[in-house]
Each structure stands twice: as C-alpha cells, then as structure tokens.
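A.B. asks: Sharing a structure with you now.
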C-alpha cells in the first residue's frame, strides 16, 4: 500500500469512526488494542451497538465503506478459524444480552446473541429447564459465539447439536437487512431453515442477533460412572456394548492420554428407579471391567484440554470420525504422536466428535496435525485445527473443502457480496 | 419442448423411463393435494444418479423447469408439475445401499419407502425414527424435501435430525455432497438447508440416515376428558413435571366419532381424548407412567386405559392415524389444515376455532400433535350445498391466521408447497423472504427446480385451498396419512 492510499484509508477511518460515535455515543466506539487481535490480526475499533437495529446499521455502514467486520461475543473462541484477510472493526454483541422470552410452558426461549450461556442456563433453571447443550466456557461464551462456532459437548449424544436445538434465528446481513427465519414453535417447516445455515458459519454470512431454542427439562436425578478399560480394544467393545444396548444414557465419552489406559464415562439421567436399573445393566455390560461412580466433573474433561502450561508448544484440534472405529482412530493418534515424541490427550464422544491436544516441538506438532488430518479425512472424518501455537507455521484450520465449496462461495456471495464479514476465516478462503 | 429434446431425454432413460402419453401423465398431474392439477410435458423415471444428472443438465441447457417427485403423498402440492415442465420421478431409485449397524447409519436412494428402512433394520432392534402417517407409502426423498415429521418427532426429532449426508444434483446438473457419515463436516451445514427446501434447491439422489436403537419398552395410555381444555391442561402438567414423552396426541369428539366409525379403535366417547406414549428403560417408563396417570386424573380424566398388548397399542394408533381419511365417514367433503401454535395457546385458539366454526355454520374436527402444538383442524363441508365450499376455504384460512397471531406457524409438517405460498408473507416479513430467495439463487440462479413453490406470487385465477382426497391406497386401507 503506498503512502497516499494509506493516508486516504486513515481518513476514511476517522470520519467513519466519528459518524459511528455520533450514532451510538462515544462510549460505544472504542479503539482496539493488542488483546482484541483476531487470530493474530489486530482490528482498529470495537463497536458495541445497543440493539439489533443499531447493529444492522453499523454493519451496513461498514459494508458501504469497505470496512471488514468481525462479530464478537464473549471472545472465548475468537482465535478459532483462519486469520482474517482483513479485520478492521469488531462488532460486539455485549449489549445485546437479554433473555427476551422464556416461554417455559412451551419449552422455548428467545434470547439475544450476546447473552452468556451461564446467564441463560441460570434463568432457565428457575423453571427446572435447560438448553441441553454443554459448550466450552459457559460463564463467558455467548449464544451468538457458540452458534457461530457450532460448539457442542457430551450432551449431544442425547439431545443433538445446536442444529437440533435451534428453532429460530435473526441475522443482520451486510446490506443492513435484518432477516428472521424459523419461528418460536418447535415444529415448523415454513420456508428455508436458515438457523442451520448460520450455525457453524463462523460469522461469515451474517451477524446473529437473536435465537430461539427448544428446551428440555432438567433431569430429576443424574449419575455418572467411569469404566476403566485395559486396552483400546476393550474400550471399543465396551462402548459398542453400551451403544448397542437399550440403555438410555445421556452422554458417553472416552478419555485417552499417552501412556495411560483409556476410561469410558457414562451419564444417566432420569428417575431414581430408572437410574438404579440402568446402573445394574451397565455393570453387566462391563463384564470384568471395573465400574466406579464418578464425579460430574469428568464432563469438564473437554474444557480441561484447553488448559495447558506452555501455549507455545501445544495444539488443539476438533476431530470427527466414525464412532464405531474409535479404537482405530485413537491408535492412529497414538502412533502419529509417538514417532514425533509428542505428548497427547484426547476426549472422544460416542457421537464421533472429539477434542485432541498435542504437546511438544512446534514443527512436529504441525507434521502430526497434517498427518492426522490426512488419515482422518481418508476415513470420512475430519480434523479442524482450532489452536495452533504462534511459533508454528500455520496450517489451514479446516482441511478438505469437499465438492460443495463453489456452492458455499455462491451462498457467501449472495449474502455478503463485498466480503465484509470475517473475510478469509472460513473454509476454502471464505 | 422440441421433439429433439424429448429424444435426448428418451436416450437417457430408455423407453420405459419416459412417459408422454396424456393417459399416463394424468397420474402425475397432482400429488396428495388434488385440487391443484397441472399436466407435465413429460415424466422421467431415472434409475441412477448419472441419469438424473444427465436429465437436469438438459433442463439447465434448455431452461426447462423440473419437479422432483417421490411417492406423491404430499399434502401441500409440493410435487405439483410446472406448466411446460417435466416431472422427475425417483420411484425407480429405490435401493437401500448400505446398512452400517456399528455406526448406526443407513445409506438409501430417494425412492426408498420410509417404512422399508425400518423393515430392513428391525431384526437388529433398530428403527428409522421419523414416522409420517404415510410412512408405508411415502419416500425418503419426499421426506427430505418436506422435512417430514410424525407423531414421535416430539422426542426423536424430524427428518432433518436424521439426515446426516446427502448426494445432490444441483439445478445445473453438478453433483455435490453435503455432510456425510461422520458429523460436523467442515463448511456450511448445507444438508440442514437442503432438508425441507421442498425440491427448490436440487434433487437428492443418495441420503445418509441416522438409525436409532429401539427402546427397551413402550407404553401407551389413553385418557378421556370432558373437553380438549382439560386434556390440554393435562398435557401442560406432563410437560411441567419434566417429562418428554415419545408422543402426545389429542382428538376432539368429532375426530373420535370419525375414527370409531372408520376403524373401531374402541376409543372412549368423550370431549377430549389424550394418547400419551412413553418409551425407554422399563423401570424409568413405569415410574413416569404412574405420574402421567396421576396428572390425567387430577385434571379430570374420567377414564384412563393403558394398552395391554402390542395389538392393543397398534389399534390405538390405527384410530389416530386413520383420523384424516375417517372424516369421509361423517362428511362428504373436508379440508385438512396443518398449523402450529405455542402449546399453551391451545385453549384460546380452540375457543376461537369454535367461534369461527359456529359463525360459518360448519363443523371442524380437531386432531393434534399436542406435545408440540401442531394442529390439524379438519373443516367439514358439503360441496353440493351452494356456498359451503367457499365458506370452508375461508374458515380454513382463518384458522391459519389464528395460528400466526398466536405466534405459531402456517405449517408444521405438510409444507408450504403450492397451497400456502400466499400465507408466507403473513408469517414472514419481506426481508426474511428476500433472504431466503438469495439462498435459493445461490443454488438455482435460473429458478428451474420446482420454481413455483414456497414463495408467494400474485394469486392466480382458479387457485384455491384444497379439499382432502384420500390416496387410493389409503381408501383401500393400505396406508394412512396425517
């Protein structure tokens, strides 16, 4: 960029900023700092509209001025995804944090995008209900961020992922349109299912301003059990036995760590009588493997993988695989880590989604991530490199684009023709 | 369409796969909603993905609109042909390609009949969960287009929950793959957008389904209440007690009478009948069934019965599932409506339906999926009486407006299709519809794939909401629909 263009661009910025201040108030247009960097790219300004109308207008003005916008909720997962090709304005949903309507008797809730998961769950619990989802960092993570990153945990086995829980959405598009799709009722087939399109889209199609979810009752009682397996083979047998049984477990995860024997955790929810019967059934299925009652804390294993002492020598990936081949996939990881002298730890859900942490030399981390991605993709799975250490030459976050990439680009083109939203963060350069 | 184009199409599917004679084309001029009829120019019956692609490429090149069709059981005119267009029937692509029990997946072609999936996996104690009442005749491809539900979707979810991957021929003939056997394929959730798009985004040629282990036990209870208000209060009680039954169905007195006349389900004669089904581990279900009993009793149930055998359970369901077709026993003509309300609005909406029905001087029978607020009011009339048909159509539309006003939806499972296009702008604002259109443009810029459906256009002469006509196999007692 030559000096003239640069100064021109700065001018655009200052007048643009001034206009936004006049529109929203000075306090809500703040300069960005290094802590606001998006995957290493530092934006210039943080804008916090008070409502979705303001948000849509800020987005429209940015689009018109050719300013790249990164939507931000709690900022807990802002490092996920490829570094943006441009990032000038952070559009914060912090002030959109209301729970608009908890229609508890209808088991639905309408909630603003900036509301945290924790605040939502606390409100729902007043009526004995929950959003049946266990995403990462619920105290900070917001509805909009969790939806955009499609973050789900162990409860997905029973209740499905976000795509199965969301029933309505409102999106702000770069041209200033506020568009709603879905509705406030659980059963509804009128029009296209745009809630699903926005889920997992990483803020590249529109900014989520509101969502409606179906809810589930909080369980009357719940109990967790852990079974220690002596080998991956025994672990696979046990998981298959439970999955193929008539147990109505809510969650099932397997925990792995290099050098340790795998453990399988099972969560039951329901009536006391039901839990008792299921425990007995589980003990029969486990055969000789020891079954112990476990603390509910084991369900935080996935989040614990994100606490590591040396951020410069760790990588974290989301993996997806065919659930029945869990042992083979874990052996693949063990082998790939071993030859590169990497330490590893993983938690894998019975749904076939897992989280893997590798630790060691940065170059070897890169090697292993690429090697594993290739092997997972060959078996219809995937590896998404969510966290890569700063010292490692980065790899694409997403991997294989599949044959639908041109169609995805065409959807992006339709909704965000000027590539204003989160440019370059998503799959295939979207 | 030029003769040359027809020859090209014939060359793709061989003689058996092309229908052009007017007598044979009649079969395809409508779907389950028979008041809309359009004669297609030709019907093609491909047997492979390659053939579908070849046909669609010609359509794209010649700008010929096409409509994909499964079994033709839809109730919103979704498979209604387009003037001067062709119909692509997927009926001959009916193979179950793979059953993968360890991963609980099945891969099928679009023409596979819904119930045949379950039939294939039952021996291993698995089933395919979405159960539209037409499941013995409707196809998986049609289910994908309509995002079909069924009585048990309260607990198990709709078709979209159970479709993990799709092979799709886009409207320009390109073959693409969405999702797959493993979850969360990186990229946009295009399978999520495609399911329920009513054939407007392309043609699914292969579908990867999730299959589900059968529960340890199933218990079905019938409870008779003085009116639907008390029955509705019991449903609220069940939900408030933190239960998620597999199904909760409700029928009013007129619907009960019709079902009794048709299949002798041995229902109690009452003002509001509730059918509650629980499934899961035996100890759990028995404990909860005691609670359901108590809730029904405390809300004024005069009679509570539990089906004592599989045969009894099947009979209970037969009565419920035959309710639509059964209306023919008590009325010469009727319109089936499909609306959704927040469940708690039920008493208010019911009172309004009674008021509207009295004003119009027409009877309305009510069948509900009470757990999720999906109403199926059946407006009864006699075409031979001057003015009744128009009055019935107006009443049916007014009921739908009640649903929108209550914060609900114009369709819970039948789809928008041709039938409810005009209602879309009452439920959605212009920017909402425009955004959907933009998504459609990404898939189908030339608007060739089922182009006239879902989105509102100025109303045409002769367009009117539709009377229910039983499917031939329904009349023969071979199948039922909701």
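Chains as they are written, first to last, in our numbering: chain A, 271 to 700; chain B, 9 to 490. In this text, a Cβ means the ideal position worked out from N, Cα and C, and glycines have one as well. Every value quoted in this text rests on a predicted model; they were computed, and no experiment measured them.
1. May I ask you to report which of helix, strand or coil DSSP gives residue 385 of chain B?
2. For a cutoff of 9 Å on Cβ pairs, would you count residue 439 of chain B as touching chain A?
3. Looking only at C-alpha atoms, which of B:465, B:459, B:463, B:464 sits nearest to residue 210 of chain B?
4. Residue 320 of chain A and residue 313 of chain A - do their beta-carbons sit closer together than 9 Å?
5. Using CA coordinates, which residue listed in B:132, B:122, B:372 is at the minimum distance from residue 149 of chain B?
6. What three-state label does DSSP hand residue 276 of chain B in the structure shown?
7. Using C-beta distances below 8 Å, list every residue in its chain close to residue 45 of chain B, excluding the 5 sequence neighbours before and after it, in chain order.
8. So, at 6 Å on beta carbons, what are the nonlocal neighbours of residue 190 of chain B in its own chain, with the 5 sequence-adjacent residues on each side left out?
9. In whole angstroms, give me the CA-to-CA distance for residue 536 of chain A and residue 261 of chain B.
10. Would residue 467 of chain B be called buried (16 or more neighbouring beta carbons within 10 Å of its own) or exposed?
11. CA-CA distance, residue 51 of chain B and residue 285 of chain B?
12. Near residue 19 of chain B, which residues of its chain fall below 7 Å by C-beta distance, leaving aside the five closest residues on each side in sequence?
13. Can you find at least 3 beta carbon pairs, one from the segment 422 to 442 of chain A and one from the segment 308 to 326 of chain B, that sit closer than 8 Å?
14. In chain A, what lies closer than 8 Å to residue 37 of chain B by C-beta?
15. For residue 393 of chain B, count neighbouring Cβ atoms within 10 angstroms of its own Cβ and tell me buried if that reaches 16, exposed if not.
16. At 3 residues or longer, and completely inside the segment 177 to 211 of chain B: list those beta strand (DSSP E) runs for me, N to C.
17. How many angstroms separate the CA atom of residue 302 of chain B from the CA atom of residue 309 of chain B?
18. Residue 672 of chain A versus chain B: which residues are under 9 Å apart at the beta carbon?
19. Considering only residues of the segment 62 to 146 of chain B, which uninterrupted alpha helix (DSSP H) runs meet the minimum length of 4 residues and lie entirely inside it, listed in chain order?
20. Spell out whether any CB of chain A is found under 9 Å from the CB atom of residue 327 of chain B.
21. Quick one: Cα of residue 330 of chain A to Cα of residue 446 of chain A, how far?
22. Quick one: what's got a C-beta closer than 7 Å to residue 193 of chain B's C-beta in the same chain, skipping five residues either side?
23. Less than 9 Å between CB atoms is the rule here; does residue 318 of chain B satisfy it with respect to chain A?
24. Check whether the Cβ atoms of residue 13 of chain B and residue 175 of chain B lie closer than 9 Å to each other.
25. Tell me the DSSP bridge mates of residue 657 of chain A?
26. According to DSSP, is residue 469 of chain B part of a helix, a strand, or is it coil?
27. For residue 593 of chain A, which option in A:285, A:293, A:579, A:622 has the closest C-alpha, if you only look at C-alpha atoms?
28. Out of A:384, A:424, A:382, A:412, state which residue places its alpha-carbon closest to the alpha-carbon of residue 402 of chain A.
29. Less than 6 Å between C-beta atoms, sequence neighbours within five positions excluded: which residues of the same chain meet that for residue 227 of chain B?
30. Which residues in chain A have a C-beta closer than 8 Å to the C-beta of residue 303 of chain B? List them in chain order.
31. Taking residue 446 of chain B as the query, report the chain A residues whose CB atoms sit under 7 Å from its CB, ordered along the chain.
32. Which of helix, strand or coil does DSSP assign to residue 316 of chain B?
33. Assuming the contact rule is C-beta atoms closer than 8 Å, residue 645 of chain A and residue 602 of chain A should be a hit. Round their C-beta distance to whole Å, please.
34. Quick one: what does DSSP say residue 374 of chain B is sitting in, helix, strand or coil?
35. Would you mind telling me which residues of chain A sit closer than 9 Å to residue 292 of chain B, beta carbon to beta carbon, in chain order?
36. Count the C-beta pairs between the segment 436 to 446 of chain B and the segment 460 to 478 of chain A that are closer than 8 Å, then say yes if the count reaches three, no if not.
C.D. replies: Walking through what the data contain:
1. strand
2. yes
3. B:459
4. no
5. B:122
6. coil
7. 37, 38, 88
8. none
9. 46 Å
10. The predicted position of residue 467 of chain B is uncertain, since its pLDDT is 39 and thus under 50; no value can be drawn from it.
11. 42 Å
12. none
13. no
14. Within 8 Å Cβ-Cβ: nothing; residue 37 of chain B doesn't reach chain A, min ~24 Å.
15. exposed
16. 183 to 187
17. 10 Å
18. 184, 185, 186, 188, 193, 194, 195
19. 122 to 129
20. no
21. 4 Å
22. 187
23. no
24. no
25. A:586
26. Only weak support is given to the placement of residue 469 of chain B: the predicted model assigns it a pLDDT of 38, under 50, and the value that follows is read from those uncertain coordinates. Reduced to three states, the DSSP call for residue 469 of chain B is coil.
27. A:622
28. A:424
29. 286, 293, 297
30. Neighbours of residue 303 of chain B on chain A: none; closest Cβ ~14 Å, over 8 Å.
31. 684, 685
32. coil
33. 5 Å
34. strand
35. 518, 540, 541, 543, 544, 545, 547, 548
36. yes
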